[in-house]
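Visitor: Once you've had a glance at the structure underneath, I'll fire off some questions.
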Amino acid sequence: MRAHAGPSHPPTPRPPPPRTGGSPRPCPSPALRRPQPGTQRARLLLPRGRRPRGYSRFSDRLTISYCRSSGPGGQNVNKVNTKAEVRFHLASADWIPEDVRQKMALMHRNKINRAGELIVNSEESRYQMKNLAICLEKIKVMVTEATEKPKVVSKETAQQLIARVEKMNRERLRQKKIHSNIKQSRRADFD
Numbered sequence: 001m002r003a004h005a006g007p008s009h010p011p012t013p014r015p016p017p018p019r020t021g022g023s024p025r026p027c028p029s030p031a032l033r034r035p036q037p038g039t040q041r042a043r044l045l046l047p048r049g050r051r052p053r054g055y056s057r058f059s060d061r062l063t064i065s066y067c068r069s070s071g072p073g074g075q076n077v078n079k080v081n082t083k084a085e086v087r088f089h090l091a092s093a094d095w096i097p098e099d100v101r102q103k104m105a106l107m108h109r110n111k112i113n114r115a116g117e118l119i120v121n122s123e124e125s126r127y128q129m130k131n132l133a134i135c136l137e138k139i140k141v142m143v144t145e146a147t148e149k150p151k152v153v154s155k156e157t158a159q160q161l162i163a164r165v166e167k168m169n170r171e172r173l174r175q176k177k178i179h180s181n182i183k184q185s186r187r188a189d190f191d
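Just so you know, the sequence shown maps onto residues 1 to 191 in the UniProt record's numbering.
Dropping the structure here:
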């Protein structure tokens, strides 16, 4: 005979977790976004063997985060954080010369937030490492563009340009005068 420990009750079911609704994607606005658990320093994030092309000695000063992408990837897009976002404080980036930093701030002012961080992101690829490499390549291109000196225009070229503009203006005014005469000739004179 088996010993009976008492009445057997089924375990009480736990209530389902509350539904948040909407997409599980984090808020795109940095001001409203809470720090994501995937946000880490680049040096801590990447092991030695898995560094993308363009990763160099200054990468430990970059803040790298990942979130869900809207790019290619099928159902994988809904599960994996493949969009890469790289940011760094432009004013304190001592690995970029001061004059280049100032030029970058002017050229890319729409990519700088209120905290002074330059933000570059990529969701072109379905792979996290490729997106990170694309972000680093974009930063490299930005720095290269800012270091290029503007081409010096010679006096001869400047004079040729001025002569072309004057000739175009003369031709425009001549055409305007012709058009005006045609319209005047169409008017009826009621004297």
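Just so it is clear, CB atoms sit at the ideal spot from N, CA and C, and this is done for glycine as well.
1. I'd like the list of long-range same chain contacts for residue 86, defined as Cβ closer than 6 Å, with 5 residues on each side in sequence excluded.
2. So within the segment 57–109, which uninterrupted alpha helix (DSSP H) runs reach at least 4 residues, ignoring any that extend past its ends?
3. Please classify residue 92 as buried or exposed, where buried requires at least 16 other C-beta atoms within 10 Å of its C-beta.
4. From the beta carbon of residue 149, is the nearest beta carbon of chain B less than 9 Å away?
5. State the DSSP-derived secondary structure class of residue 123, mapped to helix, strand or coil.
6. Does the beta-carbon distance from residue 69 to residue 81 come in below 9 Å?
7. Go to residue 180, then tell me how far its alpha helix (DSSP H) extends in each direction, as first and last residue.
8. Under the three-state reduction of DSSP, which class applies to residue 117: helix, strand or coil?
9. Using a threshold of 9 Å, state whether the C-beta atoms of residue 83 and residue 113 are closer than that.
10. So, residue 97 versus residue 147, is the Cβ gap smaller than 9 Å?
11. Cα separation between residue 67 and residue 149?
12. In terms of residues, what are the limits of the alpha helix (DSSP H) holding residue 143?
13. Would you call the CB atoms of residue 78 and residue 126 closer than 9 Å?
14. Just the Cα atoms here: how many angstroms apart are residue 151 and residue 158?
Guide: On the basis of the data shown:
1. Result list for residue 86: 62, 64, 120, 135, in chain order.
2. Counting whole runs of 4 or more residues, the segment 57–109 contains the alpha helix (DSSP H) stretches 98–107.
3. Result: exposed.
4. Protein chains in the displayed structure number just one, and chain B is not present.
5. Coil.
6. Closer than 9 Å, so yes.
7. Taken as a continuous stretch (DSSP letters only), the alpha helix (DSSP H) holding residue 180 covers 155–186.
8. In the three-state scheme derived from DSSP, where H, G and I count as helix and E and B as strand, residue 117 is classed as strand.
9. No; because the gap between Cβ atoms is not below 9 Å, this pair is not in contact.
10. Remark: C-beta atoms of residue 97 and residue 147 approach each other more closely than 9 Å.
11. So the alpha carbons of these two residues sit roughly 37 Å apart.
12. Start and end: 128–147.
13. It is not a contact, given that the beta carbons lie outside the stated cut-off.
14. If you take the alpha carbons of residue 151 and residue 158, they lie about 12 Å apart.
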